[in-house]
Structures are given as C-alpha cells and as structure tokens.
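From first to last, the protein sequence lines stand for chains H and Z. Numbering of the first sequence is given in numbering that gives the first Met the number 0, commencing with residue 0 and proceeding in unit increments. Numbering of the second sequence is given in numbering that gives the first Met the number 0, commencing with residue 0 and proceeding in unit increments. Remarks on the structure that follows.
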Amino acid sequence: MDFQFEVNFAHLHLLLNHVPVIGTIIALCLFLISFFGKNDDLRRSSLIIFAGVALLTIPTFLSGFGARVNLTGQPGVSDALMERHEGSALLSFWFMEITGALAIAGLWQFHRYSRPSRGNVIAVLLFSLITVGLMARCGNTGGDIRHPEVWVNKQAPLQEGPIGSLVRVFEPTPRKFINAMVLTKWETAFLMDLHFIGLALIVGTVGAFNLRILGFAKQLPVAPLHKFMPWALAGLGINVTTGMMVLIGMPAYYAFDAAVWLKLAALTLLGLNAVVFYLTGVFSGVEQVKAGEEASMSAKLTAGASLCLWFAVILLGRYIQKLDGTIK
Amino acid sequence: MEVPKFLETLEESGLSVWIRETESLFGFYFFLFLHNIGLALVVGTILFIGLRLLGVAPDLPFAPLKKFFKILWTGLWISVASGTFLLIAYPTKALTNPLFYVKLMLVATGVWITRKIERSVFADEGTSEEARLALGKTLAARSLVVWIAAVSAGRLLAYTFRYLVYGRQG
Numbered sequence: 000m001d002f003q004f005e006v007n008f009a010h011l012h013l014l015l016n017h018v019p020v021i022g023t024i025i026a027l028c029l030f031l032i033s034f035f036g037k038n039d040d041l042r043r044s045s046l047i048i049f050a051g052v053a054l055l056t057i058p059t060f061l062s063g064f065g066a067r068v069n070l071t072g073q074p075g076v077s078d079a080l081m082e083r084h085e086g087s088a089l090l091s092f093w094f095m096e097i098t099g100a101l102a103i104a105g106l107w108q109f110h111r112y113s114r115p116s117r118g119n120v121i122a123v124l125l126f127s128l129i130t131v132g133l134m135a136r137c138g139n140t141g142g143d144i145r146h147p148e149v150w151v152n153k154q155a156p157l158q159e160g161p162i163g164s165l166v167r168v169f170e171p172t173p174r175k176f177i178n179a180m181v182l183t184k185w186e187t188a189f190l191m192d193l194h195f196i197g198l199a200l201i202v203g204t205v206g207a208f209n210l211r212i213l214g215f216a217k218q219l220p221v222a223p224l225h226k227f228m229p230w231a232l233a234g235l236g237i238n239v240t241t242g243m244m245v246l247i248g249m250p251a252y253y254a255f256d257a258a259v260w261l262k263l264a265a266l267t268l269l270g271l272n273a274v275v276f277y278l279t280g281v282f283s284g285v286e287q288v289k290a291g292e293e294a295s296m297s298a299k300l301t302a303g304a305s306l307c308l309w310f311a312v313i314l315l316g317r318y319i320q321k322l323d324g325t326i327k
Numbered sequence: 000m001e002v003p004k005f006l007e008t009l010e011e012s013g014l015s016v017w018i019r020e021t022e023s024l025f026g027f028y029f030f031l032f033l034h035n036i037g038l039a040l041v042v043g044t045i046l047f048i049g050l051r052l053l054g055v056a057p058d059l060p061f062a063p064l065k066k067f068f069k070i071l072w073t074g075l076w077i078s079v080a081s082g083t084f085l086l087i088a089y090p091t092k093a094l095t096n097p098l099f100y101v102k103l104m105l106v107a108t109g110v111w112i113t114r115k116i117e118r119s120v121f122a123d124e125g126t127s128e129e130a131r132l133a134l135g136k137t138l139a140a141r142s143l144v145v146w147i148a149a150v151s152a153g154r155l156l157a158y159t160f161r162y163l164v165y166g167r168q169g
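Below, the structure written as structure tokens:
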C-alpha cells in the first residue's frame, strides 16, 4: 500500500503496560474487600475492571511485540532481557484473558441469578491471584530492559530470585513458543474456520438484539433477546482465542499492520459502548421494552454504535492481508 | 486432467486482472469483505433462529422472527454477487478445486433446509409454539450442521487450491 503510518511502539507500550499491572491489583483488592463487606456492588465493579483490563491487555501485548522488533539490535538493549520479558508476557497474557472471561461469566450470573456462583467466585479469585503475580513479574522483567539502575545484581541482571526461578520454569521461551505457534497450514485453516463460526455467532445474536432496539421486528419484546448473550460471549471467547493464537505465530506481521490496530481500536470502543449500555441505566430501561414498544433514544444510539463497530471489526479483519506493512 | 483453456481466457479479461491486481482498496479484498458480510448475515441469522428452535430463550415469540429471513436472503444475494466477482478473479483456483463444488452443494443444501424452515415453521402466524417446535427442531439442527460445514468448506478454499492462477501451481 502507498500509505504508511509511523507508530512509536515503545512509547505506546509504555502508555498501555501499566494498565494490566496496576489494573489487576486494583480489581483484586476490590474483589477481596467485597468478601468482608459482603458488598455486591464492589464485587461487580471488580469483575468489570478485570474484564476491561483483559480487553486492554490485547493491545498492550501487541505493542510490546512492535517495540521488541524496533529495539532489537539497538545499543544498550539486551536481547536476553527482552526475551525473558516476552516469555513472561506470553504466560501472563493467557492468565489475564482467562481471568477476564471468568469475570464476564460472573457478571452474567449477577445479571441472571443476582449473584455469581460459588465456583465462579473461587475461579476468579484463583486466576486473578495468579494473574496479579505473573503481571507483576511481567512488569518487572520489562522494566529491567531499560532500567539498569533497578537491577539488583548489576553484573548479571538475568539472575532470578527464588520465586523468579520457579515462575520461569513455566514461562515459554519466546522463540520456541512462537515457532510452535507458527502453525501449519492446516492448523491455521482450522483456527480461521473457528474464527468465522465465532463471528457468525456474534453477528447473529448481537445483531438481532441491536436491530430490535433500533425498531426492526418490533413485535419482539427485548428482554428474551438478551438471553442469547452467552452465545455471543462464547463467540467472542472463540474469536479472542483463535485470533490471538494466529497473531502470536506471526507477531511481527500483525504488529505492523494498520488494519490490526484499527480493529483493536474498534473492539476497545465496543467495550466502552458496552460500559455505557450496561452501566448508565440504558440496559435496565430497554430490558422493560415490551412487544410493539419503542426503545429510548439512548438505547438506539448504543445499539447503532454496536452494529457499526462490529461491521468495522469485520471490515478491518478482512483488510489485514491487504494492509500488511502499513505501519513502520 | 488438463485445466480447460477458457479459464486462462477469463483470467486475462480486464475485470479479472483488475480485481486481482489493483492497488485500490475496492479490489479483491473488498469483494472478500462483502462475501464475509453475506456469510455473517446468512449464518448469523440462521444460528439465531436455529438456537431459538433448539430451546434458547423460550419466552421469545416466534411470529415476528419471520422478518429476519429477509435479512438472511439479502445476505445470500450479497454472497452470490460478491462470490461471482471472486470467481471471476480466480476461476482456475476455484474451479480446479473439488472442495469448491462441495461448498456449493453444502450451500445449496443449506438454502433448501432454510427455505423449509421458513415455509413450515413460519408459514402461518397462528401456529402454536409447540407445533412450531415440533416442525422446526430437527430442521434447525440439520441446518446448523450444514451451514457450519459450508462455512468450513469455504474457509478451507484458501488453503486447498492446486492452482492459484492458470498454469501456476499454488
């Protein structure tokens, strides 16, 4: 393509990378306090933060790949330190996403059964505890790359303490991991196939819900349509997993592609749109809309925004190949 | 088997070359995008209606769902139109791949079952809930299997072709 954007990935990574590290700590604190105070609002807030942080961890992760490619070979930047950080990121990323998925499941249970199940609460607690630890290490190993002033052992910054050496056993070596993720043609084909089925699940369920709010098939009451949301969330889970698996196999290809970043931006806006929809009273209003009734203007605006943004996500996904190399 | 010559002639036509080679954003990837939107409308809608028939959201009334078939058929036409352009761009790639014919057959079967659902389950506004479920449950399950198979076959076309263009093995 004849247009190119310049992105300073190191800067973008610095901007984003505090979100998963600090965000998980804040959410975990709220989650723990909610036990003692038996405070449901606090617990819901913590789950919302976990979900939001899980979403923002995706661009954080990808900006790190971009920064790594740009910094490789520069004087004063140790490849071994970057590799250790990357290994740490590869591990903590998946724990963050699982925590986010569990948090969303908990939020759904709050909505349907007025409280999350015991199993969900235990799972969130367990996974978020691990995630906080792994993210702290991820932040630490990342900080080590450019901050010799914080090295404990000035001669051998790679030396690990007792906990570090234990965690390191579980961290993949990036080269090996990425090579394992450089999928064969058939594995990629299979993941891409699942990605399309996930897409159809999201479009079918979210699309029908949004169209009804906008006034299509008005004889449908709104509340039952919302019962399809777990299917949409299943589609989202499939697509985040398959999308990220393919992306990790070729990080340098995807990180320097404008379509990928715009797609992530659209997904982030969808997250924001969901926050507006569920947390500002729009949803509780629209839930009461019976057959034949008109939804409020604010509901229509968020429904329209959701439709447009999902349309953009599909459009941008389809242009990834075309816009390859549009970022330097 | 020898690859028929007319495929090369078609590939050398102005339209085919343009779709394949243009730098414009409205070339090959645009048709691919439209094809994808068509898929989303068809398969998304049938998943939605199919899940309802299979027991999700039992308090959702059936009759108004009929309107969604309009979206589904619009999606089908978008797919057919954009698919034609994709075929013009890479006729050898598609027509020398047996999976392409499997996909067309799966789509045809999917369309047939979907029509059956529309004509039986949604024929009459007054049909009772139980009658609709009795008519539609098996059809819904079948249609989901067939449509997912059709998506998979289509998706796999990008990985299974023997020739990318005439005379060039892929």
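Positions of the beta carbon are idealized from the N, C-alpha and C atoms, including for glycine.
In this structure, L80/H places its C-beta atom within 8 angstroms of the C-beta atom of I144/H. Take the alpha-carbon of K115/Z and the one of L138/Z: they are about 8 angstroms apart. A188, M191, D192, F195, I196, L198, A199, L200, I201, V202, G203, T204, G206: these are the residues of the stretch 188-206 of chain H whose beta carbon lies less than 8 angstroms from some beta carbon of chain Z, given in chain order. At a cut-off of 4 residues, the continuous stretches assigned as alpha helix (DSSP H) that sit fully inside the stretch 75-155 of chain H are 78-112, 117-145. Shown here for A149/Z: same chain residues with a beta carbon closer than 7 angstroms to its own, the five before and five after excluded, namely K102, L105, V106, G109 in chain order.
Within the stretch 140-169 of chain Z, the residues whose Cβ lies closer than 7 angstroms to some Cβ of chain H are I147, V150, S151, R154, L155, Y158, listed in chain order. The C-beta distance from V281/H to S297/H rounds to 5 angstroms, short enough to fall under 8 angstroms. Boundaries around Y162/Z are those of the beta strand (DSSP E), 162-164, since no alpha helix (DSSP H) includes it. Rounded to the nearest whole angstrom, the C-alpha separation of F109/H and A26/H is 17 angstroms. At least one CB atom of chain Z sits nearer than 8 angstroms to the CB of R317/H. The residues W230, A231, A233, G234, in chain order, have a CB closer than 7 angstroms to that of L200/H in the same chain once the five nearest residues on each side in sequence are set aside. Identification of chain Z residues near L235/H by a Cβ-Cβ cut-off of 8 angstroms yields none; the smallest Cβ-Cβ distance measures about 14 angstroms.
For a Cβ distance threshold of 7 angstroms, residue set I313 of chain H lies close to I36/Z, ordered along the chain. For the stretch 63-92 of chain Z, the beta-carbon criterion of a distance under 9 angstroms to any beta-carbon of chain H is satisfied by P63, L64, K65, K66, F67, I70. Annotated as distal: F4/H and T301/H, with beta-carbon spacing of 8 angstroms or more.
Closer than 8 angstroms to the CB of F2/H there is not a single CB belonging to chain Z. D58/Z: not part of any alpha helix (DSSP H); DSSP gives it neither H nor E.
Around the CB of H194/H, 16 or more other CB atoms lie within 10 Å, so the residue is classed as buried. L308/H has its alpha-carbon roughly 10 angstroms from the corresponding atom of L314/H. When secondary structure is reduced to three states using DSSP, I319/H falls in the coil class, being assigned neither helix nor strand. Put simply, the stretch 53-68 of chain H touches the stretch 83-96 of chain H. At least three CB pairs are less than 8 angstroms apart. Going by DSSP, P223/H is part of the alpha helix (DSSP H) stretching over 221-224. Per the DSSP secondary-structure output, Q168/Z pairs in a beta bridge with Y162/Z.
Under the Cβ distance rule, P147/H does not count among the residues neighbouring chain Z, no pair being separated by less than 8 angstroms. For the pair V18/H and G72/H, the Cα-to-Cα distance works out to about 28 angstroms. For the stretch 165-242 of chain H, the full-length alpha helix (DSSP H) segments reaching 4 residues or more read 173-180, 184-213, 221-224 along the chain. Using a Cβ-Cβ cut-off of 8 angstroms, A304/H does not count as an interface residue toward chain Z, since no Cβ of chain Z sits closer than that to its own. Identification of chain H residues near A56/Z by a Cβ-Cβ cut-off of 8 angstroms yields P223, L224, K226, F227, ordered along the chain. Secondary structure remark: continuous alpha helix (DSSP H) runs of at least 4 residues inside the stretch 38-104 of chain Z, in chain order: 67-88, 90-94. Between the stretch 243-252 of chain H and the stretch 6-16 of chain Z, the count of Cβ pairs shorter than 8 angstroms is below three; the stretches do not touch.
In the structure shown, F4/H falls within a strand segment according to DSSP collapsed to helix, strand and coil. Interface with chain Z (8 angstroms Cβ-Cβ cutoff): K321/H is included.
Chain-order list of chain Z residues neighbouring Q287/H: empty, with the shortest C-beta distance near 14 angstroms, by a criterion of under 8 angstroms. Between the alpha carbons of R19/Z and F208/H lies a gap of roughly 37 angstroms. Contact annotation: the stretch 183-198 of chain H touches the stretch 156-163 of chain Z, with at least three C-beta pairs closer than 8 angstroms. Taking every protein chain shown into account, the CB of K69/Z has fewer than 16 other CB atoms within 10 angstroms, so this residue is exposed.
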